[in-house]
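Colleague: I'd like to ask you about the structure that follows.
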Amino acid sequence: MPVYTNFFFMTNHTDALVLKEEDRRINVFGGPDHAKEKAYYDHLYSLLNDKQFIAEVYSYLVSLDLSDYRWTHSFDTPARRKMIDFNRSDLEVAFLDFLSQPPAKAMTIAQIMRYLTENNEDLTVDQMALRKLLQERIGLQVTLKFKGKKLRPWILDKSVDLSDLCYIREQLDAAENAVADFESLV
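All you need for our numbering is the position in the sequence shown, starting with 1, plus 1280.
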């Protein structure tokens, strides 16, 4: 039997729920940070008995265009973004920053770990946590030989042709050079 239960929670804590970007069940809305004067609320409560005001609110609500409304997804609001960002680990924040401009389009997990560690002071990179982030966000790997070793690099750009192993090797070289260049600057 289908369940059509809805819940409504209110909190003033941005860390009230651990919310992931892909979670489409929960809408998050923000409000003012400080209470208004008592007169403001007294006026609002007095409007509850004003039939003209209630009719105007109703008229406004039924006139809203809901053609773009997708009830199967949550709204992308500033409050939702803030809650998602608040619950990210330091590794996830550094990883997402890395993904916005990776030094190469293909990298091994060792190269990514080294790059993250060298570019983020005080960041401890847990390989299992990084692997999970890569699986969730990227998911693309190929198997190839690189400098005599069999590797499974992560393809960080979805436009890369997975059958072009020469290009992927070039990207692995570029990643090595990016990490080496950073090491020479330190």
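Where is the CB? At the ideal position from N, CA and C, for every residue including glycine.
Determine the burial state of Y1395: buried for a count of at least 16 other Cβ atoms within 10 Å of its Cβ, exposed for fewer.
Modeller: Buried: at least 16 other Cβ atoms inside 10 Å.
Colleague: Would you say L1379 and R1432 are within 8 Å of each other, going by their C-beta atoms?
Modeller: No, they are not a contact pair.
Colleague: Please report the residue range of the alpha helix (DSSP H) in which L1324 lies.
Modeller: Taken as a continuous stretch (DSSP letters only), the alpha helix (DSSP H) holding L1324 covers 1318 to 1327.
Colleague: Just verifying my parser: in three-state terms, what is the DSSP assignment at M1387?
Modeller: DSSP places M1387 in strand when its eight states are reduced to three.
Colleague: For the structure I just gave you, are there three or more beta carbon pairs, one from the region 1437 to 1452 and one from the region 1383 to 1399, closer than 8 Å?
Modeller: They touch, by the three-pair rule.
Colleague: Return yes when the Cβ of P1382 is within less than 8 Å of the Cβ of G1310, no when it is not.
Modeller: No, Cβ-Cβ distance for G1310 and P1382 is not below 8 Å.
Colleague: Tell me W1434's beta-bridge partners as DSSP assigns them.
Modeller: DSSP, once it has assigned bridges, lists M1387, Q1421 as partnering W1434.
Colleague: If you check the beta carbons only, do Q1391 and A1455 fall under 8 Å apart?
Modeller: Result yes, Cβ atoms of Q1391 and A1455 sit closer than 8 Å.
Colleague: Please classify W1434: is it buried, with 16 or more other beta-carbons within 10 angstroms of its beta-carbon, or exposed?
Modeller: With 16 or more Cβ atoms within 10 Å of its Cβ, W1434 is classed as buried.
Colleague: In whole angstroms, what separates the C-alpha of F1366 from that of L1299?
Modeller: Roughly 9 Å between the two C-alpha positions.
Colleague: Find the nearest neighbour of L1403 within the set D1313, A1409, L1371, judged by alpha-carbon distance.
Modeller: Ranking D1313, A1409, L1371 by Cα distance to L1403 puts L1371 first.
Colleague: Cβ of L1297 within 8 Å of Cβ of M1363?
Modeller: Yes; because the gap between Cβ atoms is below 8 Å, this pair is in contact.
Colleague: Using three-state DSSP, classify F1378 as helix, strand or coil.
Modeller: Of the three classes helix, strand and coil, the one that applies to F1378 here is helix, per DSSP.
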